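Asks: So for the sequence shown, the working numbering puts the first residue at 628; every next one is plus one.
Idealized CB from N, CA, C, for every residue including glycine.
From a predicted model like this one, the values you see are computed outputs, not experimental measurements.
Provided herewith is a single structure, encoded as structure tokens, for subsequent inquiry.
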Amino acid sequence: MIRPIVRDTIFLSQKSEPATEGDIQVVFDLIDTLRAHTHECVGMAANMIGVKKRIIVFSIDVAQIAMVNPVIVKKSKPYQAEEGCLSLNGVRKTTRYEEIEVSFQDINFKQQRQKYSGWTAQIIQHEIDHCNGILI
């Protein structure tokens, strides 16, 4: 189900709680909502649709990837970036890392650990910030 985008910065600034298998519908709603906004958005976190759970999704080409309870376990090569956000107006400067390693559960709640770099790493960092209540 496509959900409305939350713009309340007080809500978005709250840390999200760990997700469980009972939150699987949130994963699907988040994917549906991201697909509906592909012309203006490449990633979303569950709090952007009003759910304070540690779930993110992002697009790689035409595929949408879900991460449940993602945590960055390694990061290297910091750089300055400018980012926008569907929940906020304008763009802001932030520090990102060229290379990251993330521990997470996939859509089947199986534990994974993968390395990402470049644009994909930047998207994941932005969405994990959402889970941590950090707004750029």
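Would you kindly report the start and end of the unbroken beta strand (DSSP E) that includes Cys-712?
Replies: 690-712
Asks: Less than 8 Å between the C-beta atoms of Ser-640 and Leu-715, yes or no?
Replies: no
Asks: Are Lys-701 and Glu-709 closer than 8 Å when you measure CB to CB?
Replies: no
Asks: Taking all protein chains shown into account, do 16 or more other C-beta atoms lie within 10 angstroms of the C-beta of Met-628, making it buried, or fewer, making it exposed?
Replies: exposed
Asks: Nearest CA to the CA of Gly-760: which residue from Val-669, Gly-717, Ile-682?
Replies: Ile-682
Asks: Looking at the structure shown, is Thr-722 part of a helix, part of a strand, or coil, going by DSSP?
Replies: strand
Asks: Could you say which of Ala-646, Gly-677, Ala-693 lies nearest to Thr-636 if we only look at CA atoms?
Replies: Gly-677
Asks: Provide the residue(s) that pair with Lys-679 in DSSP beta bridges, ordered along the chain.
Replies: DSSP lists no partner for Lys-679.
Asks: Tell me whether Gln-652 sits in a helix, a strand or coil according to DSSP, three-state version.
Replies: helix
Asks: Do Lys-698 and Ser-744 have their CB atoms nearer than 8 Å?
Replies: Inspection of the sequence shows that residue 698 is occupied by Val rather than by Lys. No, the pair does not count as a contact, with Cβ atoms beyond the cut-off.
Asks: What does DSSP give as the partner residues of Ser-643 in its beta bridges?
Replies: Paired residues: none, contrary to the question.
Asks: Ordered along the chain, which non-local residues of its own chain (more than five positions away) have a Cβ less than 6 Å from that of Glu-728?
Replies: Val-700, Lys-701, Lys-742
Asks: Bridge partners for Gly-670 per DSSP, in chain order?
Replies: Phe-685
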